[in-house]
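> The numbers in numbering that gives the first Met the number 0 rise by one with no breaks, and the one at position 602 of the sequence shown is 601. Handing you a structure now.
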Amino acid sequence: MLFEVWAPEAGRVALHWAGDRSDAPPVELARDPARPGWWRADAPAGDGDRYAFRLDGGPARPDPRAARLPEGPGGPGAVVEHARFAWRHPWPGRPLPGAVLYELHVGTYTPEGTFDAAAARLRHLADLGVTHVSLMPVCPFPGTHGWGYDGIAPWAVHEPYGGPEGLKRFVDAAHGHGLGVVLDVVHNHLGPSGNHLPEFGPYFTDTHHTPWGAAVNLDAPGSDDVRRFFIDSALGWLRDYRIDGLRLDAVHALHDDRAQHFLAELSAAVDALAAQQRRPLFLIAESDRNDPRTTAPRASGGLGLHAQWNDDFHHALHTALTGESHGYYADFARAPLAALAKTLTGGFFHDGSHSSFRGRRHGAPLDLRATPPHRLLGYAQTHDQIGNRAYGDRLTATLSPGLLACAAALVLCAPFTPMLFMGEEWGARTPWQYFTDHPDPELAEAVRAGRRREFAAQEGGAAHGDGLGADWPDPQDPATRDRCVLDWAEPSAAPHAALLSWYRGLLALRRSHPALTDPDPSRTHVAHDEDARWLVLRRGPVHLAVNLAPSGTATVPLAPSTAPAADARRGTAPAPATGYRAAAGWPHPVLPDGGGVLHLPAESVAVVVEEPPGTPRAKGERA
Numbered sequence: 000m001l002f003e004v005w006a007p008e009a010g011r012v013a014l015h016w017a018g019d020r021s022d023a024p025p026v027e028l029a030r031d032p033a034r035p036g037w038w039r040a041d042a043p044a045g046d047g048d049r050y051a052f053r054l055d056g057g058p059a060r061p062d063p064r065a066a067r068l069p070e071g072p073g074g075p076g077a078v079v080e081h082a083r084f085a086w087r088h089p090w091p092g093r094p095l096p097g098a099v100l101y102e103l104h105v106g107t108y109t110p111e112g113t114f115d116a117a118a119a120r121l122r123h124l125a126d127l128g129v130t131h132v133s134l135m136p137v138c139p140f141p142g143t144h145g146w147g148y149d150g151i152a153p154w155a156v157h158e159p160y161g162g163p164e165g166l167k168r169f170v171d172a173a174h175g176h177g178l179g180v181v182l183d184v185v186h187n188h189l190g191p192s193g194n195h196l197p198e199f200g201p202y203f204t205d206t207h208h209t210p211w212g213a214a215v216n217l218d219a220p221g222s223d224d225v226r227r228f229f230i231d232s233a234l235g236w237l238r239d240y241r242i243d244g245l246r247l248d249a250v251h252a253l254h255d256d257r258a259q260h261f262l263a264e265l266s267a268a269v270d271a272l273a274a275q276q277r278r279p280l281f282l283i284a285e286s287d288r289n290d291p292r293t294t295a296p297r298a299s300g301g302l303g304l305h306a307q308w309n310d311d312f313h314h315a316l317h318t319a320l321t322g323e324s325h326g327y328y329a330d331f332a333r334a335p336l337a338a339l340a341k342t343l344t345g346g347f348f349h350d351g352s353h354s355s356f357r358g359r360r361h362g363a364p365l366d367l368r369a370t371p372p373h374r375l376l377g378y379a380q381t382h383d384q385i386g387n388r389a390y391g392d393r394l395t396a397t398l399s400p401g402l403l404a405c406a407a408a409l410v411l412c413a414p415f416t417p418m419l420f421m422g423e424e425w426g427a428r429t430p431w432q433y434f435t436d437h438p439d440p441e442l443a444e445a446v447r448a449g450r451r452r453e454f455a456a457q458e459g460g461a462a463h464g465d466g467l468g469a470d471w472p473d474p475q476d477p478a479t480r481d482r483c484v485l486d487w488a489e490p491s492a493a494p495h496a497a498l499l500s501w502y503r504g505l506l507a508l509r510r511s512h513p514a515l516t517d518p519d520p521s522r523t524h525v526a527h528d529e530d531a532r533w534l535v536l537r538r539g540p541v542h543l544a545v546n547l548a549p550s551g552t553a554t555v556p557l558a559p560s561t562a563p564a565a566d567a568r569r570g571t572a573p574a575p576a577t578g579y580r581a582a583a584g585w586p587h588p589v590l591p592d593g594g595g596v597l598h599l600p601a602e603s604v605a606v607v608v609e610e611p612p613g614t615p616r617a618k619g620e621r622a
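Structure representation (structure tokens):
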């Protein structure tokens, strides 16, 4: 078996065996004459054999490209022969257009916190109607439980979850249910505990800085091999584990001044692999830049990524539902329904407008004719937006069932690719709090202090009085993680079962009405009344109306798809001889009166579909 490692500054590299072979003599590596800085050696080895490298006689360090770290970060690596795994389900892939993602954290999706336990719950997701499971990071990190964003080995799989074999079993099981799998990967930094990459080479640079310290070296000397390290890792997830897409964490923290940006190089490599494997593969960016170039084609000077998270939609929806106005919600809270309308029809709220949170202009206009709306992910809740709150409180903690139903309808009927956060579909009451399991006491205390500073800045001291943070959860306390584990008794119990049925119905509606996945932005129209707190989203013949007011009935005029464009935007056009069918409603379906006006109770939602005159109607339905 070939062992190789990039260590450009080393004078000598040796392979040392560990585990059952720890008594075997070391193997000296030789310089690779074809690749400067690389060392290589052939040695007999098989799946599971443990090994490490010593540079210039120093301590044993794990292979930076090890696919398995059975003893955790900093321990020896283990050989993984990917071809040994017996895949059960042929998989042609599932593309991003038309998809519905479900963000899932393996460690809290079930009490066991393993791939196998999560796989046993996949039938729930297939029945729900989502198309892809989006896994939070699974690379090795300190301890047993954590969010995964402080991983240290971008090629390996967290052993307590089940290691490489466990991940493959999970992906295979998901594909057996018809579900694609997206994996969250972190290229912008690596956790400090057990991170020995700087001993091997210039993986980091002081040329740029990030919130986590020195930046990953994407443009300084030695960056060719660092870029290849992360690109090969990404391709390995897609190829060796049959992952369908990658979510790229915080790409705005990937500092790269080279002519070809790292993300453009990565997207080209992924597109080439997709063509080779003849199945769709995609990259989804998390970016706070509101930059259309993120998803623009490489041929047009863009980065060529296939989609990006749309926090603007989340922020507008969140402020409209909750009335919160602190921090980055301030810009959206001035006129939340107008902000929501702008994102629904234009993608970005900040498209070059002034951001008071940033103290400057932010973003650029997004042309949805050139960038189809499915390239933006829309959501009401994510791990970030819940977990970065001091108490990790979901929308369930503060919103009525009616407003939760409105949130679901706006996400699932919006022109974007929807994404749900685990448990959202039944209104889970378990919080999602920040938790870690650092064995290093100094690092653990630094994390505690850091989170308290962040929470104090985000939550605002005045809102909590003198006891600011006194009862904030300790991320190192095992009870914090335990509180976040989903309660699987909830989905079948009241009031959760009714909300779960609502989500299932909306997802079925999305599948059955082509208008709800229509990429043509000209067929999406929004009307709203800021003071009365109602909004109507029309997508072709499908009308979604919400009344977010806490009391009173809203009078909501519908502008049929046959109305002139100007009247349709105002939502005031008189209804022609058009029939309507009630497609969904909370707390019950509502049809417009003979003048095309909906009378919506407080905190309720109605979805109606236009039908041509003379369409037969079921008993009790009105035109």
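Note that beta-carbon positions come from the ideal geometry of N, C-alpha and C, so glycine has one too.
(1) Tell me the rounded alpha-carbon separation between GLY76 and GLY147.
(2) Taking 9 Å as the threshold (C-beta atoms), are LEU409 and LEU536 in contact?
(3) Can you list the beta strand (DSSP E) stretches of 3 or more residues lying completely in the segment 529-611, in chain order?
(4) Please name the residue, chosen from ASP486, ALA219, PRO159 and ARG451, that lies closest to ASP470 on a Cα-to-Cα basis.
(5) Is the separation between the beta-carbon of THR645 and that of LEU394 shorter than 9 Å?
(6) Report the rounded CA-to-CA distance for VAL156 versus ALA443, giving the unit in angstroms.
(7) Got a sec? Which residues, its chain only, sit under 7 Å from ARG30 by beta carbon, not counting five neighbours each side?
(8) Does the segment 236-245 come close enough to the segment 164-171 to have 3 or more Cβ pairs within less than 8 Å?
(9) Roughly how many angstroms lie between the CA atoms of GLY190 and PHE434, to the nearest whole one?
(10) Should ALA514 go down as buried or exposed, given a rule of 16 or more other Cβ atoms within 10 Å for buried?
(11) Taking DSSP as the reference, what is the three-state secondary structure of THR130?
(12) For ALA332, which of HIS313, ASP350 and GLY346 has the nearest alpha-carbon?
(13) Out of GLY326, PHE454 and ALA306, which has the shortest C-alpha to C-alpha gap to ALA389?
(14) Assign PRO556 to buried or exposed, taking buried as 16 or more other Cβ atoms, counted over all protein chains shown, within 10 Å of its Cβ.
(15) With a threshold of 9 Å between beta-carbons, can THR321 be considered close to chain D, or not?
(16) Suppose you measure from the CA of LEU103 to the CA of THR552; what does that come to, to the nearest Å?
(17) On the DSSP letters alone, give me the boundaries of the alpha helix (DSSP H) that ALA173 sits inside.
(18) Do PHE229 and HIS195 count as a contact pair if the criterion is CB distance below 9 Å?
(19) Give the secondary structure of GLN259 by DSSP, where H, G and I count as helix, E and B as strand, and everything else as coil.
(20) With DSSP as the reference, identify every bridge partner of ILE283, one or two as the case may be.
(21) Can you have a look at TRP86 and say buried or exposed, based on whether 16 or more other CB atoms are within 10 angstroms of its CB?
(22) Between PRO665 and PRO438, is the Cβ-Cβ spacing less than 9 Å?
(23) Excluding the 5 residues flanking GLU529 on each side, which residues of the same chain have their C-beta closer than 7 Å to its C-beta?
(24) Who are the near neighbours of GLY426 in its chain, counting only those whose CB is closer than 6 Å to its CB and skipping five residues on each side?
(25) Please confirm whether PRO94 and ASP248 have their CB atoms less than 9 Å apart.
(26) Just to confirm the assignment, what range does the alpha helix (DSSP H) spanning THR479 have?
(27) Under 9 Å between the Cβ atoms of LEU178 and LEU124?
(28) Do the CB positions of ASP218 and THR209 come within less than 9 Å of each other?
(29) Quick one: complete beta strand (DSSP E) runs, 3+ long, within the segment 325-374?
(30) Three-state secondary structure (DSSP) at PHE52?
(31) Pick out the complete beta strand (DSSP E) segments inside the segment 7-44, 3 residues or longer, and give them in chain order.
(32) Mapping DSSP to helix, strand and coil, what is ARG451?
(33) For GLY175 versus HIS88, is the C-beta distance shorter than 9 Å?
(34) Over what stretch of residues does the beta strand (DSSP E) that includes LEU419 continue unbroken?
(35) Taking all protein chains shown into account, do 16 or more other C-beta atoms lie within 10 angstroms of the C-beta of GLN380, making it buried, or fewer, making it exposed?
(36) Indicate whether LEU343 and PRO414 have their beta-carbon atoms separated by less than 9 Å.
The relevant details are as follows:
(1) 19 Å
(2) yes
(3) 533-538, 541-546, 553-556, 578-585, 596-599 and 603-610
(4) ARG451
(5) Lying before the first or after the last residue shown, residue 645 is absent from the chain, which here runs from 0 to 622.
(6) 22 Å
(7) TRP38
(8) Counting Cβ pairs under 8 Å, three or more are found: they touch.
(9) 15 Å
(10) buried
(11) coil
(12) HIS313
(13) Out of GLY326, PHE454 and ALA306, PHE454 has the C-alpha closest to the C-alpha of ALA389.
(14) buried
(15) Among the chains in the structure shown there is no chain D, since it carries only a single protein chain.
(16) 37 Å
(17) Per DSSP, ALA173 belongs to the alpha helix (DSSP H) from 162-175.
(18) no
(19) Three-state DSSP puts GLN259 in coil, outside helix and strand.
(20) Looking at the DSSP assignment, ILE283 forms a beta bridge with ARG246 and ALA306.
(21) By the 10 Å Cβ count, TRP86 comes out exposed.
(22) Nothing can be reported for residue 665, as the shown portion of the chain is limited to 0 through 622.
(23) Excluding the 5 residues flanking it on each side, GLU529 has same chain C-beta neighbours closer than 7 Å at ALA334, LEU336 and ALA337, in chain order.
(24) THR395, LEU403, HIS495 and LEU498
(25) Remark: C-beta atoms of PRO94 and ASP248 do not approach each other more closely than 9 Å.
(26) 477-483
(27) yes
(28) no
(29) 352-354 and 359-361
(30) Here PHE52 sits in strand by DSSP.
(31) Here the runs fully enclosed are 12-17 and 37-41.
(32) helix
(33) yes
(34) 416-420
(35) buried
(36) yes
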